[in-house]
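Residue numbers (my numbering), protein chains in the order written: chain A, 14 to 343; chain B, 605 to 925; chain C, 3 to 265.
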């Protein structure tokens, strides 16, 4: 239980940080500082060149030995302005005074701060994962309940199509699905297309689960009785079937969210997802397809650790949910 | 047995047909076509383009297209690749061979490793071993497939221990032996990546299966009878654990193919994956459909093999027939 | 006659691919009638088709042959509005106490569900009627807000009976509903039903394989055996002179009870 609570906490803080990306990142994600192309993560120091200890961590502006001016790391600094809901702010969580730069995770080939891009990309990748999950679960619940409830040819055809989509390996299915839709579109449409493809193609597994549940519940006395009282199918779904399906759907979500975030990662990596200049965890990684970048600039790989953290948390939560479902028989 | 098999094959056939129909219908609505790139080329006139469209039947109805494609499938061509100008099958065969080589080696490696690790944790019952394996598997499961493949690639690039990219070096393959050795060296990295990717799920299931069969009443009874440990494992525990594992085998083929696509693209292994990606970008419809249907065929074949194995191993299924 | 069946037949076909489908005949030309205000016990061994008959009468299953008439109107000729009305007037209370009430519902909301579905009256009125009927079947009103999950099998069974009564039905079919109740509670509910029969003309059809309780309450009896009705008539006559061999076995199995039921 403790592990699951911890996982929930970490997951929540990842989401909050991504949500407040503009505030938490020192520079806007699109800002190109070309003289700092492929700058490594800035070294934050406690000891100066003379070996003296400093209470405030600081950075040097340039790594040559002549420049000994210290630039301490400051918090809640003024910087470029951004919109947070209705208000315009210019405070940033941390930063250093110019001409020094603070790149927590280095920069990419265009001198864009990787840390800022990681946070902004998180916003894209996380929401894509969640929205696609919601889409999958709604379609899956709808079709699964329909199939389980009415049975007959409807059940048969829904389940056959589901089976056909499960017969394809996931990534092949994803690529084939993506192939039907336009390529090289603006970022906003690409984002929606990504969510639609991932969400729609993942309907079959939740549909199976919900169908099984509906089939079992359909014969329960209280459902038969409610039907006897003239209840519509909508009423029975809403009052009797969905409340039972909810815990199952939550457990499914714990599996689907990381899977869909990885789907975004993979599709954008392959150039079929979200395109530049909008960052996402996937397209930030696309640069390392060049061997020389992979070998020379290790920090370009760091964006892949963010989805790993999300997955780890989701798996822990999913495990805990499963164990609790087994413990409470209903 | 024959009836069992024929029913499964028939079922698989229906599913494949359904997939092909669905992909055709969806492609009908897909924006863009192969000729889009042509239009950008100033040398290609509008007449040339439309003549080209007529030649390849791009302007016909979806039904006609489907039946033309079906006829070509029956001929063994699987349609025609616009980008390469050759029948799709002649594109697909070498790629299938490469993907199969990669996945079967990875399958072998990952299953041996999973069986070893799974049995080890259950038998040794050492807390330290178990927790190390459990946490490393959890880590392996959560790290994106991409990153694992990239890290292995980075390792190879830094150390230079293994050749990187493609499946053979130019100019080394003078003899059969040299060629085989060269391909094997190229195979190490992608196969390792693929095996690592599929390992955590396999280990988890092997552990569960072995643990469950060890707790089965008849195993407990056999142990109470004083049957020696070796015989207990070979005659009681493993056969009982084999059943769910064989089902898992069929299931794992799908995951393996998915991961294989990614590994092939990252490591430059000339399998089905890079072909699919490339054909998507060039809107080479028949290649996309051919590759997709083929990947489904692989998965179905994997499940069929699992079914046959189950049939051979489990007496209960035979009785049911 | 209130409710009648005319050579009612129900067959179940199970597809058994690739072999031939298997057909089971659960009801075989059943002719059956219940008059208004009567209380009839339908008895028979498990699998004799009692529950199937109940489900057909309750409109939950379509017969394969024959007809069911309610006040002389054929069920298969009714419009969907008439069917809805019929389903309200003929209530079934099922056998399984765990499945008959959704464990997530509170006791009161489970009882008022039929009213909620048809949206009769205001929510407060519905709640009030639910508690009224809960009291009538002998459930403390303190239970009203408790989730059904926490109630015992007998309590849930009484909730199901209250739920059937809340819609003012003309016929209630009890499909083995009393197996889960202990004797004093069953006696209490039977006394309530007797009162309702006298006051409102409620018709009761009890289905069971145990005549111990029903012998004293029901005025008529019908015996089912392998999908047919083999004997029917007044209870008194059945108890003294059962005709069919199976009936003789049933009538002989009733223990003599010295206690009188509370009126």
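The beta-carbon is built from N, C-alpha and C at its ideal position, and this holds for glycine as well.
Using the three-state DSSP reduction, which class does residue 216 of chain A fall into: helix, strand or coil? coil
Is residue 750 of chain B closer than 8 Å to residue 279 of chain A when the C-beta atoms are compared? yes
When the cut-off is 8 Å and only beta carbons count, does residue 237 of chain A lie next to chain C? yes
Contact list for the stretch 191 to 225 of chain A against chain B, Cβ threshold 8 Å: 191, 192, 193, 194, 195 and 196
Exposure of residue 119 of chain A, with buried meaning 16 or more beta-carbon neighbours within 10 Å: buried
Cβ-based burial, residue 288 of chain A [other Cβ within 10 Å; buried from 16]: buried
Assigned exposure category for residue 190 of chain A - 16 Cβ within 10 Å defines buried: buried
Residue range of the alpha helix (DSSP H) that includes residue 271 of chain A: 255 to 282
Could you please give the first and the last residue of the uninterrupted alpha helix (DSSP H) stretch that includes residue 58 of chain C? 52 to 59
Among the residues of its own chain, which have a CB less than 7 Å from the CB of residue 217 of chain C, if the five just before and after it don't count? 237, 241 and 256
Should residue 307 of chain C go down as buried or exposed, given a rule of 16 or more other Cβ atoms within 10 Å for buried? The structure shown does not extend to residue 307 of chain C, since chain C is modelled only from 3 through 265, so no value can be given for it.
Less than 8 Å between the CB atoms is what I'm expecting for residue 639 of chain B and residue 653 of chain B, so what's the real figure, rounded? 5 Å
Given this structure, state the Cα-to-Cα distance separating residue 94 of chain C from residue 217 of chain A, to the nearest angstrom. 37 Å
Using the C-alpha atoms, what's the distance from residue 214 of chain C back to residue 261 of chain C? Residue placement at residue 261 of chain C is poorly supported in this model, since its pLDDT is 49, which falls under 50; the coordinates still yield a value, given next. Each residue's alpha carbon lies about 12 Å from the other.
With a threshold of 8 Å on Cβ separation, who are the neighbours of residue 168 of chain C within its own chain once the five nearest residues in sequence on each side are excluded? 113, 114, 116, 117, 131, 132 and 135
Check whether residue 1 of chain C and residue 210 of chain C have beta carbons under 8 Å apart: Only positions 3 to 265 of chain C appear in this structure, which leaves residue 1 of chain C out of reach.
Span of the alpha helix (DSSP H) holding residue 147 of chain A? 127 to 163
Check whether the Cβ of residue 722 of chain B sits closer than 7 Å to any heavy atom of the ligand HEM, and report yes or no. The ligand HEM is absent from the structure shown, which contains no ligand whatsoever.
Nearest-angstrom Cα separation, counted from residue 105 of chain C out to residue 256 of chain A: 11 Å
Please say whether residue 200 of chain A and residue 81 of chain A have beta carbons closer to each other than 8 Å? no
Taking only runs of the alpha helix (DSSP H) that begin and end inside the stretch 106 to 138 of chain C, which ones reach a length of at least 4 residues, in chain order? 109 to 120 and 125 to 138
Would you mind listing the beta strand (DSSP E) stretches within the stretch 148 to 198 of chain C that are 3+ residues and don't spill past its ends, in chain order? 173 to 177
Under 9 Å between beta-carbons, which chain A residues line up against residue 881 of chain B? List them in chain order, please. 188, 283, 284 and 285
If residue 141 of chain A sits next to residue 208 of chain A, beta carbons under 8 Å apart, how far is it from one beta carbon to the other, in whole angstroms? 5 Å
Give me, in chain order, the residues of the same chain whose beta-carbon lies closer than 6 Å to that of residue 244 of chain A; leave out the 5 immediate sequence neighbours on both sides. none
Is DSSP giving residue 91 of chain C helix, strand or coil here? helix
To the nearest angstrom, report how far apart residue 156 of chain A and residue 224 of chain A are at their CA atoms. 8 Å
Can you check whether the C-beta of residue 104 of chain C is within less than 8 Å of a C-beta belonging to chain A? yes
Residue 289 of chain A by DSSP, collapsed to three states: which one? coil
If you count every other CB in all the chains shown that lies within 10 Å of the CB of residue 64 of chain A, and 16 or more means buried, which is it? exposed
Identify the continuous beta strand (DSSP E) that holds residue 34 of chain C and give its terminal residues. 24 to 36
Kindly list the residues whose CB is nearer than 7 Å to the CB of residue 123 of chain A, restricted to its own chain and excluding five residues on each side of it in sequence; keep chain order. 45, 47 and 50
Indicate whether residue 107 of chain A and residue 116 of chain A have their beta-carbon atoms separated by less than 8 Å. no
In terms of residues, what are the limits of the beta strand (DSSP E) holding residue 67 of chain A? 66 to 73
With 8 Å as the C-beta to C-beta threshold (strictly closer), list the residues of the stretch 807 to 841 of chain B near chain A in chain order. none
Partners in chain B for residue 291 of chain A, counting only beta-carbon separations shorter than 8 Å: Residues of chain B passing the Cβ test: none, with the nearest at roughly 19 Å.
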